[in-house]
Structures are given as C-alpha cells and as structure tokens.
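**Q** Going by our numbering, the first residue of the sequence shown is number 44, and it counts up by one from there.
Built from N, CA and C at the ideal position, the CB exists for glycine as well.
Quantities reported herein were computed from a predicted structural model and do not represent experimental measurements.
Sharing a structure, written as structure tokens. Questions coming.
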Amino acid sequence: MVNGFISRSSFQLTTLSIKFIPLLDSDLIDLLRRLPSLHHLTVDDSNTSPRPVTSLLVQSLHAIPHTSSVTVFSVLVKRLQTLSLTTSAEAQEAFNDRDFVDMVSSRWFLDGYRSASDSNGGMACLRSVVMRFTNRVVDEEVYRPLKYLEEEGMRVVVIGQNS
C-alpha cells in the first residue's frame, strides 16, 4: 500500500521515521529504493518481530554498490545525512557490528565527492549516526574506528546495555 502511494505521488520525502512496526528488512529496503530524496532515517524495531534492523539492511545502505555476477545495485538513499537505528536483537548474528562500522565509514567523505557511476549529482556525506542496542552490550573495540570519524566531525553515538 505504501509503495503504491509513493509510486503514484510526486512528493520528495526527506525524513522517514519507522518505530515499533513489524517489518521485514527486505520490505524496508524496497521502500528505501523508492525514496531517493531521503535525508533523515530513523528505524526502531524494539520488541517487534520481524525486525527490519538487520545485517541485510546495513549492507544495503553501504555507499559502494555490491556487485554480483547478475546485477549491480545502485546506492540506496544517497542523500542520507542522518541515520538512527535502534534494535532489540540480542544475537550478533542478527546484526553484524563490523558491517555497520564499514557502512558508516563508506558514507563519510568530503561533500564534493562524486563517483564515476553517479549521474545524479553525487552522494551526501553522513553527518550523524546513532546506533542503540536495547538488549546487548556494545563491543567497544569493534566500534573504535567510528571514533576517528567523530574526531573528523561526524556525530557518532553507539549505545548498548553497558553504556
């Protein structure tokens, strides 16, 4: 229903907040593909099932398109400037911390950056990222690379049960 509405509309949504809504990660990714003008994204899957905040979602937000033998995927929400994710997933299998750090790092660059394959005016630099884990601790060592991004000007907040 939402995808149909977006397809028929000509509006440019810049902010999307999805909280406590059971949603498959693949459905959220499909929705994000239809929202190229998005600047601010908040997703909170606390105590919902299915959970949209997964490794698949994180990998799909990576700034460098993944390539397979069949398809080259374009970058999702390339105008994204702020990202806030909250998950109640307990197991690290459901959410790969290293993939998250890699994705955030891939979206940090100078504003004038343009890739050769980007014909729509370049990507925005991610300015703020918040990651909250409601049911597990944060491995500080895994998230250490984000401290360097914070020193360069990105707002970085990572919160877990040990924070």
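#1: Along the chain, where does the alpha helix (DSSP H) that runs through Lys190 open and close?
#2: Quick test of the definition: if touching needs 3 or more C-beta pairs under 8 Å, does the segment 121-140 touch the segment 76-88?
#3: Do you know whose CA, among Asn205, Leu169, Ala134, lies nearest Asp145's CA?
#4: Beta-carbon within less than 8 Å of Asp182's beta-carbon, same chain only, minus the 5 sequence neighbours each way: which residues are those?
#5: If you drop the 5 nearest sequence neighbours on each side, which residues of the same chain put their C-beta closer than 6 Å to that of Thr177?
#6: Within this structure, are the beta carbons of Lys121 and Pro188 separated by less than 9 Å?
#7: Under the rule that 16 or more other beta-carbon atoms within 10 Å means buried, what is Asp68, buried or exposed?
#8: Please report the Cβ distance between Phe152 and Val96, rounded to the nearest whole angstrom; I am assuming they are in contact, meaning their Cβ atoms lie under 8 Å.
#9: Which of helix, strand or coil does DSSP assign to Leu99?
#10: Give every residue of the same chain whose Cβ lies closer than 8 Å to the Cβ of Ser148, excluding the five residues on either side of it in the sequence, and list them in chain order.
**A** Quick answer:
#1: Residue 190 sits at position 147 when you count from the first residue of the sequence shown. 183-195 is the span of the alpha helix (DSSP H), which, as asked, contains Lys190.
#2: The segment 121-140 vs the segment 76-88: in contact.
#3: Translated into the one-based positions of the sequence shown, residue 145 becomes position 102. Checking every option, the nearest Cα to that of Asp145 belongs to Leu169.
#4: The residue labelled residue 182 in the question sits at position 139 within the sequence shown. Answer for Asp182: Asp140, listed in chain order.
#5: As a position in the sequence shown, residue 177 is number 134, starting the count at 1. If we look at Thr177 and ignore the five residues flanking it on each side, its Cβ neighbours are Ser89, Ser131.
#6: The residue you call residue 121 lines up with position 78 of the sequence shown. The residue you call residue 188 lines up with position 145 of the sequence shown. No, Cβ-Cβ distance for Lys121 and Pro188 is not below 9 Å.
#7: The residue labelled residue 68 in the question sits at position 25 within the sequence shown. Buried, because 16 or more other Cβ atoms sit within 10 Å of the Cβ of Asp68.
#8: In the sequence shown, residue 152 corresponds to position 109, counting from 1. In the sequence shown, residue 96 corresponds to position 53, counting from 1. Actually they are not in contact, since the Cβ atoms of Phe152 and Val96 sit about 24 Å apart, beyond 8 Å.
#9: The sequence position of residue 99 within the sequence shown is 56, counting from 1. Helix, per DSSP.
#10: In the sequence shown, counting from the first residue as 1, residue 148 sits at position 105. Same-chain partners within the cutoff: Pro188, Leu189, Leu192.
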